[in-house]
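Report on the following structure.
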Amino acid sequence: MNQHTVTIEVAGRRLKIACPQGQESALLLAAKELDKRLGACQSQGKVFKTAEQTMLMVSLNLANDLLTQQQSFEQEKQQLQSKIDLLQQTIGQAVQNQEKSA
């Protein structure tokens, strides 16, 4: 996959990041979200000793949000699969009943 560099800005720093071709928009959105969360952390008065600690805390919060969403999607997937299974069973029974009465 071809890679090229994309310039992003996070916490007032401009960085050139290697990015797979076609993923530029996703990278820019991710950088924007990270910058937004860093700004929110600072505006809430959360004080860390270094910028790296602040970045680490925001990154951990993002990772936690991702894991929470993944768990939620997995639960929804299981619920939908249960509904599909029930529908298939109901349809199967209806077909059997139809065949018996025919």
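Residue numbers 1 to 102, in UniProt numbering, belong to the letters of the sequence shown in order. Built from N, CA and C at the ideal position, the CB exists for glycine as well.
Beta-bridge pairing of residue i - partner residues as DSSP gives them
{"i": "residue 5", "result": "18"}
{"i": "residue 10", "result": "13"}
Sub-7 angstroms separation of residue i and residue j beta-carbons
{"i": "residue 19", "j": "residue 28", "result": "no"}
{"i": "residue 31", "j": "residue 10", "result": "yes"}
{"i": "residue 38", "j": "residue 58", "result": "yes"}
{"i": "residue 24", "j": "residue 6", "result": "yes"}
DSSP state of residue i mapped onto helix, strand, coil
{"i": "residue 68", "result": "helix"}
{"i": "residue 92", "result": "helix"}
{"i": "residue 39", "result": "helix"}
{"i": "residue 63", "result": "helix"}
(message) Three Cβ pairs or more, each shorter than 8 angstroms: is that satisfied between the stretch 81-97 and the stretch 56-70?
(response) no
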